[in-house]
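Visitor:
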Amino acid sequence: MTSGPGLRWLDRLEETLIATLMGLATLVIFVAVVHRYSLSHLGGLVVWARDAGYPGLSETLRSIYFWLLSIRLTWAQELCIYLFVWMAKFGAAYGVRTGIHVGVDVLVNQLRPEWRHRLVLFGLFCGALFTAFVGWLGARLVAHLFYSGQVSAVLEAPMWFVYLCLPLGSFLMSFRFLQVAAHFSRTGELPHHDPASEVMTDEVRS
Amino acid sequence: MTSILIFGLLVALLLTGTPVSIALGLTVLTVLFTLTDVPLDAVALKLFTGMEKFEIMAVPFFILAGAFLTHGGVAKRMIRFATAMTGHWAGGLGISSVLACAIFAAVSGSSPATVIAIGSILVPAMVAQGHPPRFGAGVIASSGTLGILIPPSIVMVLYALATAGMNAKGPNGERVSAASVDDLFMAGVVPGLLLAILLGSVTWWIAKKEDYPRAMRATWSEAFDALVDCIWGLALIAVVLGGIYGGFVTPTEAAALSAIYAFFVAKFIYRDIGWDDVPKVLLSAANMSAMLLYIITNAMLFSFLLTYEQIPQTIAEWIVAQGFNWITFLIVVNILLLVAGTFMEPASIILIMAPILFPVAAKLGIDPVHFGIIMVVNMEIGMITPPLGLNLYVTSGVAKLGMTETSRAVLPWLLSMLAFLVLVTYWPGLSLTLPQSLGLM
């Protein structure tokens, strides 16, 4: 489901944000692992070059080693976690729109249409209610962290900013539930996630 | 009393069709605010920090790797290799499908991804060769479940997460620590291969009985070409398993590396995806990951509530007092999980059930790793039982067959998997021998 023309920008923003965060987090961990292993292998190479009688090479490798050592990537894991926390909060909102949050619909689908209609709306309002409440809890937490000036363990990023995704993501998710509910009561259609069509490229599909 | 209310509310909310994550979260908030005096901010913090573990991040990384593998031509080349090896046997493409699924399962952590990657190519190929679509759908839906038993496996990661740090006690009151991802992955290897052989045998038997066509025997040079061509995909097995068991990287890092590797192979070696496909792949992986992470967050809150109310411990003591031993308990567990598997998806079941069942299993002296494998096999079966079987659903899409027809098509394989479940349940050595002999546990 996509929003009306007035809100298309929000859809785009949401999609770009989560795809970027996903890619960034993967790159961060990749770089951190490569960094760790180039360090340990370089150390070995420095010793090898010295013992094998290449003092010049050994010196060069040594300086590269210390340059690499000076880039501390201990924050990579923390950064990866926060990137994914942001991705998860906004991705969950996107998921409402794509209908990926599945429930147990066995009973609901057995019901007469008007009862099914009511229960589906009830489910969507539960979603909107819960996420709005969580958003409010998140806003309280962010306000509290803002005044206490807490920072994260390694990155020393202000925690209120890190957790800003909680109210923002949750309120957006709540809004998405209402949007889907409005769409459903107007057209009787729910967004439906089809894994087979989503992951297949055109080449495979043909 | 509280426990009846908790489960009653959860079941009631689930039956209205409310998303599982929302139902879990609403249940917890309602119970905590009406019946306990846990402060609001403690709950809020729990809800927000529940996800901040590096181990959890293996889930999105494995999903991303799976997305790149499904998009890129890795699956296609594995299929070519599998067909060259076994296509001329009785059972022809059917056996090749099982083999291709088993190989793909060793690089992918998800069952639906395996079905899509292998099935979208092999089901049409089988139909074109004169197999009925039902046969193709049955082979693919059932062999696709290998995705979560043969490592890596997202479901195993979830089991390890759901039980990590639980206060479980053994039969003599000693502390039982939860299974690690490393142990679980290794424990899945032997049962995974055995299940592949079993599914292959069923396929062979049906194909022989119905006299389905075989492929031409591939020449040695063709087979060798096919192997060389898919070597880049096969190398991913070494990246993930070699990385973890060589002690080079943690499972999460291995997952991230496999995502980068899968992208690299698909983009630069096989050249099956272009730059403009990348955002689409990232978005679809993010969508799936965010959904799972959302369930995880709320399930952790739910398990916090259970622990706070001492419910798993109470159930464990009650079960022991009823005179259940591990054999009778596992019958109950299997039935419970099979029933749950018919109408819920694996991630939710594992995250809700594992924290409840694990302390009981520990109390009865069942090994946490063995118990994890039992749960995974149950989830596999759940994926091919209607009304909610993820694999059935995906297969009916790729085979262009109705859900009812697909459900009927998997029956022979489903029966063999039920027999396999009994074997896995009552023969702990099947799962545990390999990790133990490697000194992991």
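So the sequences go chain by chain: A and B.
Residue 7 in our numbering sits at position 7 of the first sequence, with consecutive numbering throughout.
So the mapping is simple: our numbering equals the position in the second sequence, first residue as 1, plus 1000.
Think of the CB as a built atom: it goes at the ideal place given N, C-alpha and C, for glycine as much as any other residue.
1. If you follow the alpha helix (DSSP H) that W160 of chain A is part of, which residue opens it and which one closes it?
2. Do L1054 of chain B and I81 of chain A have their CB atoms nearer than 8 Å?
3. Bridge partners of G103 of chain A, per DSSP?
4. If we define contact as Cβ-Cβ less than 8 Å, is E15 of chain A a contact residue for chain B?
5. Listed from N- to C-terminal order along the chain, which residues in the stretch 74-104 of chain A have their beta-carbon within a distance smaller than 7 Å of any beta-carbon of chain B?
6. Strictly below 7 Å CB to CB, what residues from chain A border P1412 of chain B?
7. Between which two residues does the alpha helix (DSSP H) harbouring H183 of chain A extend?
8. Taking only runs of the alpha helix (DSSP H) that begin and end inside the stretch 1181-1238 of chain B, which ones reach a length of at least 4 residues, in chain order?
9. Is V151 of chain A helix, strand or coil by DSSP?
10. Would you mind stating whether I64 of chain A and N1287 of chain B have Cβ atoms separated by less than 8 Å?
11. Please report the straight-line C-alpha distance between A93 of chain A and S174 of chain A, rounded to a whole angstrom.
12. With a floor of 4 residues, list each alpha helix (DSSP H) that falls wholly inside the stretch 105-141 of chain A, ordered by position along the chain.
13. Measuring straight from C-alpha to C-alpha, what distance separates Y1212 of chain B and L1195 of chain B?
14. Distance cutoff 8 Å, beta carbons only. Does G44 of chain A sit that close to anything in chain B?
15. Please report how far the alpha carbon of L1390 of chain B lies from the alpha carbon of L69 of chain A, in whole angstroms.
16. Please report the residue range of the alpha helix (DSSP H) in which T1240 of chain B lies.
17. Would you tell me roughly how many angstroms separate the C-alpha atoms of G6 of chain A and P191 of chain A, rounded to the nearest one?
18. Whose Cβ in chain A lies nearer than 7 Å to the Cβ of Y1308 of chain B?
19. Say whether chain B places a C-beta atom closer than 8 Å to the C-beta of F122 of chain A.
20. Using the C-alpha atoms, what's the distance from I1356 of chain B back to I1311 of chain B?
21. Looking only at its chain, what residues have a beta carbon closer than 6 Å to the beta carbon of A1105 of chain B, apart from the 5 residues adjacent to it on each side?
22. Is the stretch 1090-1102 of chain B touching the stretch 1117-1136 of chain B, taking contact as three or more C-beta pairs under 8 Å?
23. Whose CA, out of B:I1154, B:P1359, B:T1395, B:Q1313, lies closest to the CA of L1141 of chain B?
24. Cutting at 6 Å between CB atoms, please list the residues of its own chain near R1134 of chain B, excluding the five before and the five after it.
25. 8 Å is my cut-off, CB to CB: does G23 of chain A come that close to chain B?
26. Can you list, in chain order, the residues of its chain with a C-beta nearer than 7 Å to that of V151 of chain A? Leave out the 5 residues immediately preceding and following it.
27. Find the residues of chain A that neighbour A1044 of chain B, judging by a C-beta separation of less than 9 Å, and give them in chain order.
28. Based on DSSP bridge pairs, tell me the residues matched to K1169 of chain B.
29. Please report the straight-line C-alpha distance between F1324 of chain B and T1297 of chain B, rounded to a whole angstrom.
30. Alpha carbon to alpha carbon, how far is A1255 of chain B from G91 of chain A?
31. Under the three-state reduction of DSSP, which class applies to W75 of chain A: helix, strand or coil?
32. Which residues in the same chain as G1050 of chain B place their Cβ atom closer than 6 Å to its Cβ, once the five residues preceding and following it in sequence are excluded?
33. Which stretch, first to last residue, makes up the alpha helix (DSSP H) that contains Q1436 of chain B?
34. Taking just the CA atoms, how far does Q1129 of chain B sit from W1204 of chain B?
Guide: The answer reads as follows:
1. 159-162
2. The question names Leu, yet the displayed sequence has Phe at residue 1054 of chain B. In this structure, I81 of chain A lies closer than 8 Å to F1054 of chain B by Cβ.
3. B:P1019
4. yes
5. Q77, C80, I81, F84, V85, M87, A88, G91, A92, Y94, G95, T98, I100, H101, V102, G103, V104
6. The contacting residues do not exist; P1412 of chain B stays about 23 Å from chain A at best.
7. Note, H183 of chain A: alpha helix (DSSP H), 165-187.
8. 1181-1210, 1220-1229, 1231-1237
9. strand
10. no
11. 8 Å
12. 106-110
13. Near 23 Å, if we compare the C-alpha coordinates of L1195 of chain B and Y1212 of chain B.
14. no
15. 47 Å
16. Inspection of the sequence shows that residue 1240 of chain B is occupied by Val rather than by Thr. Element bounds for V1240 of chain B: n/a, residue is neither H nor E.
17. 20 Å
18. Near Y1308 of chain B there are no residues of chain A at all, since even the closest Cβ is about 18 Å away, more than 7 Å.
19. Yes, its Cβ sits closer than 8 Å to a Cβ of chain B.
20. 8 Å
21. T1114, L1146, G1147, I1150
22. yes
23. Checking the displayed sequence, the identity of residue 1141 of chain B turns out to be Ala instead of Leu. With distances taken between Cα atoms, A1141 of chain B lies closest to B:T1395.
24. A1409
25. Closer than 8 Å: yes.
26. Once the five neighbours on either side are set aside, the close Cβ partners of V151 of chain A are A157, P158, M159.
27. V134, L137, G138, R140, L141, L166
28. In the DSSP assignment, the residues bridged to K1169 of chain B are B:R1175.
29. 33 Å
30. 20 Å
31. coil
32. Taken in chain order, the residues that qualify are T1297, M1300.
33. 1428-1437
34. 16 Å
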